[in-house]
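Trainee: Quick note, in the numbering used here, the sequence shown goes up one by one and the last residue is 726.
No residue lacks a Cβ here, since even glycine has one placed at the ideal position from N, Cα and C.
Attaching a single structure in structure tokens format; questions to follow.
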Amino acid sequence: MNTLYIGGDFVQGDAAPIVVTNPSTDVVLAEVSGASGAMAARGAEANAQGARAMRALPVLKRVELVRRLGAAIRGEASQLALTLTQESGKPIVEARGEVEYAASFFDNAASAAETASGEMPASRTADRRIFVLREPIGATIAITPWNFPLAMIARKLAPALAAGCSQLVKPAEETPLAALAFAKIFDRCARECGAPAGAFSVLVGDAPTIARELIGHPATRKLTFTGSTEVGRILATQCAPRLIKTALELGGNAPFIVFDDADLDRAVEQAMLTKFRFMGQTCISANRFLLQSSIASEFLLRLEARVRMLVVGDPMAEHTRIGPLINDAAVEKIQRHVRDAIAKGARLRVGGDRVAIAGLSNRFFAPTMLENCNPSMDCACEETFGPVVAATSFDSESQAIALANAVPYGLAGYVMTQDVDRLLRVAEALDFGVIGANDGAPSTAEAPFGGRKDSGFGSEGGHHGLDSYVDLKYVSVRVGHG
245 MNTLYIGGDF VQGDAAPIVV TNPSTDVVLA EVSGASGAMA ARGAEANAQG ARAMRALPVL
305 KRVELVRRLG AAIRGEASQL ALTLTQESGK PIVEARGEVE YAASFFDNAA SAAETASGEM
365 PASRTADRRI FVLREPIGAT IAITPWNFPL AMIARKLAPA LAAGCSQLVK PAEETPLAAL
425 AFAKIFDRCA RECGAPAGAF SVLVGDAPTI ARELIGHPAT RKLTFTGSTE VGRILATQCA
485 PRLIKTALEL GGNAPFIVFD DADLDRAVEQ AMLTKFRFMG QTCISANRFL LQSSIASEFL
545 LRLEARVRML VVGDPMAEHT RIGPLINDAA VEKIQRHVRD AIAKGARLRV GGDRVAIAGL
605 SNRFFAPTML ENCNPSMDCA CEETFGPVVA ATSFDSESQA IALANAVPYG LAGYVMTQDV
665 DRLLRVAEAL DFGVIGANDG APSTAEAPFG GRKDSGFGSE GGHHGLDSYV DLKYVSVRVG
725 HG
């Protein structure tokens, strides 16, 4: 049975084990020992001790640790990618990409820490000197999702360590194996460079029980969460009494706007990237395709030709681009969205149901295209989180912006146009935290990533990620006359 990692030690859990299955085959991959509330409290205390040790660690030692972790991830890329594919169903080609994406966050955090500095603003008076110090915020906790089991740990942990903080990670119950594999990497790297092993811990088990103990510990200073808006609201409420700093990256409902002056082949290419990456199970996946009326038919014709070429099958196969959905509930939600859209007048161009594959599970869903969609449909109001294109048309720029912004979410949006003036106007008008301008894959470790409205708040990535784990301290010094 796979063990947990607390304060530098691999330990057996004391609660019911978590059974991890392969969504592609239903084969049991492993059992992971679960953590009770008492063990979560133990983890929180270890996290507090790790924070004190990291605070005392010189910045160059932190940088050494963080850089080692990035290199070690790359050194075990093949096994990590295999683990990601087995526990999440992510096509192996994309799993390799996630491993490199994860490593890049450690590179970026190390570089940011090397150049970070305080301030000494000029004083208005001759007898005062002003110093602004950057200090680690302390013990932090991260609750990570199943769709990027390794990369989301990296995006949260790398800047935490670089800033001098500790972090306890609670991975999704569907995909804890990547987190535990990374714990072994961390343990080795920390010991090799003399960094405190207790700076990182992993707990698996009942999320509400574990979160309650971690949030309630007096040393916990920050919570970072990637997941649903519903759970994000619960966590924010739990953090509020103790004024724990929160970073919440929640649900999305991304518009993909194609104007009549867009390069249609390029727009199709970017649509394929954002819509069908991990079968549409990403928070910034395009959910609503808004097409200018004069090019709508041609765009859909070209996109359909590409969609029909997508290979659905075993995610371990190099040529597979569409693997299984994460669980039965995910498939059922997509089916509900498709049925609702057709009942309300949408036209099904391709796909629309499960795909039966001999020897594999029934969680494979055909890449699907719907046209003539409208805002009343579930696929327009909710995040589908699956391989479904839901298209509607518009006539003017102002109408496109209004349609795009007419949702409570604000994580990501896309605009396809060759008109630079229009690109800037629309990018500024869209009420989303991330804009892909002629770019269907905007996420990168060097840039801030975060949403607004019901998609949460707080940014991760770039130097902003490091800044979010830092408290500023102002020191005023009165200088006597000589």
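Output needed for Leu479: all residues of its chain with C-beta closer than 8 Å, excluding positions within five of it in sequence on either side, in chain order.
Mentor: Ile387, Ala455, Ile459, Leu467, Phe469, Thr490 and Leu492
Trainee: Compute the beta-carbon to beta-carbon distance between Phe500 and Asn391, rounded to the nearest angstrom, for a pair I have assumed lies under 8 Å.
Mentor: Actually they are not in contact, since the Cβ atoms of Phe500 and Asn391 sit about 19 Å apart, beyond 8 Å.
Trainee: Enumerate in chain order the residues of its own chain whose CB-to-CB distance from Ala347 is below 6 Å, with the five nearest sequence positions on each side excluded.
Mentor: Gly314, Ile317 and Arg318
Trainee: Going straight from the alpha carbon of Ala360 to that of Pro440, what length do you get?
Mentor: 22 Å
Trainee: Flag this pair as touching only if the region 260-272 and the region 561-579 have three or more C-beta atom pairs under 8 Å; answer yes or no.
Mentor: Judged by Cβ distances under 8 Å, the region 260-272 makes contact with the region 561-579, as three or more pairs qualify.
Trainee: In angstroms with no decimal places, state the Cα-to-Cα distance between Glu690 and Arg580.
Mentor: Rounded to whole angstroms, Glu690 to Arg580 spans 38 Å at the Cα level.
Trainee: So, with DSSP's three-state summary, where would you put Pro335?
Mentor: DSSP places Pro335 outside both helix and strand once states are collapsed to three, so it counts as coil.
Trainee: Closest to Thr612 by CA distance: which of Ala590, Cys625, Asn618 and Thr247 is it?
Mentor: Ala590
Trainee: Under DSSP, the alpha helix (DSSP H) around Ile645 begins and ends at which residues?
Mentor: Glu641 to Asn649
Trainee: Do Ala370 and Pro393 come within 8 Å of each other at the CB atom, strictly closer than that value?
Mentor: no
Trainee: Can you round the beta-carbon distance between Ala295 and Cys409 to whole angstroms, since I take them to be within the 8 Å contact cut?
Mentor: 6 Å
Trainee: May I ask which residues mark the beginning and end of the beta strand (DSSP E) holding Ile570?
Mentor: First-last for Ile570: undefined, no H or E at that position.
Trainee: Determine the direct distance from the alpha carbon of His461 to that of Cys483, and round the result to whole angstroms.
Mentor: Cys483 and His461 have their alpha carbons spaced roughly 11 Å apart.
Trainee: I'd like to check one pair, Lys697 with Pro631: are the Cβ atoms closer than 8 Å?
Mentor: no
Trainee: For the candidate residues Met283, His708, Val670 and Gly252, whose alpha-carbon lies nearest to that of Thr453?
Mentor: Considering only Met283, His708, Val670 and Gly252, the residue with the shortest C-alpha distance to Thr453 is Met283.
Trainee: If contacts are defined as beta-carbon pairs under 8 Å, then Thr636 and Leu534 qualify, I think. What distance do you get, rounded to the angstrom?
Mentor: 6 Å
Trainee: Closest by CA to Gly724, which one among Ala451, Val599, Arg372 and Glu562?
Mentor: Arg372
Trainee: Give the DSSP-derived three-state secondary structure of Ala587 in the structure shown.
Mentor: helix
Trainee: Just curious, the alpha helix (DSSP H) that Ala511 is in, first and last residue?
Mentor: Leu508 to Phe520
Trainee: Output needed for Thr473: all residues of its chain with C-beta closer than 6 Å, excluding positions within five of it in sequence on either side, in chain order.
Mentor: Leu494, Gly495 and Asp698
Trainee: Taking all protein chains shown into account, decide if Gly362 is buried (16 or more other Cβ within 10 angstroms of its Cβ) or exposed.
Mentor: exposed
Trainee: Return helix, strand or coil for Tyr249, following the three-state DSSP convention.
Mentor: strand
Trainee: Which word fits Tyr713, buried or exposed, when buried means at least 16 other C-beta atoms lie within 10 angstroms of its C-beta?
Mentor: buried
Trainee: Between which two residues does the alpha helix (DSSP H) harbouring Glu417 extend?
Mentor: Glu417 -> no alpha helix (DSSP H), and no H or E assigned at all.
Trainee: Excluding the 5 residues preceding and the 5 following Phe693 in the sequence, name in chain order all residues of the same chain whose CB lies nearer than 8 Å to its CB.
Mentor: Arg399, Glu493, Gly677, Val678, Ser687, Ser703, Glu704 and Gly705
Trainee: Given that a residue counts as buried once 16 or more other Cβ atoms are within 10 Å of its Cβ, and exposed if not, what is Phe375?
Mentor: exposed
Trainee: Please go through the same chain and pick out, in chain order, the residues whose beta-carbon is closer than 6 Å to the beta-carbon of Gln293, but skip the five residues on each side of it.
Mentor: Gly442
Trainee: Take the Cβ of Glu275 as the centre, count every other Cβ of all protein chains shown within 10 Å, and call the residue buried at 16 or more, exposed below.
Mentor: exposed
Trainee: Work out the CA separation of Ala356 and Gly349 for me, nearest whole Å.
Mentor: In the sequence as displayed, the identity of residue 349 is Phe instead of Gly. The straight-line gap from Cα to Cα measures roughly 10 Å.
Trainee: What separation, rounded to the nearest whole angstrom, lies between the Cα atoms of Gly476 and Lys414?
Mentor: 14 Å
Trainee: What would DSSP say about Pro198, mapped onto helix, strand or coil?
Mentor: No answer is possible for residue 198: the residues shown for the chain start at 245 and end at 726.
Trainee: Along the chain, which unbroken stretches of the alpha helix (DSSP H) at least 4 residues long are found entirely within the region 446-479?
Mentor: 451-460
Trainee: Give me the Cα-Cα distance between Ser332 and Ala366, rounded to the nearest whole angstrom.
Mentor: 53 Å
Trainee: How many angstroms separate the CA atom of Gly438 from the CA atom of Asn246?
Mentor: 26 Å
Trainee: For Met396, is the classification buried or exposed, using 16 other Cβ atoms within 10 angstroms of its Cβ as the cut-off for buried?
Mentor: buried
Trainee: If you scan the region 628-714 from start to end, which runs of the alpha helix (DSSP H) of 4 or more residues do you find wholly inside it?
Mentor: 641-649, 664-673 and 706-711
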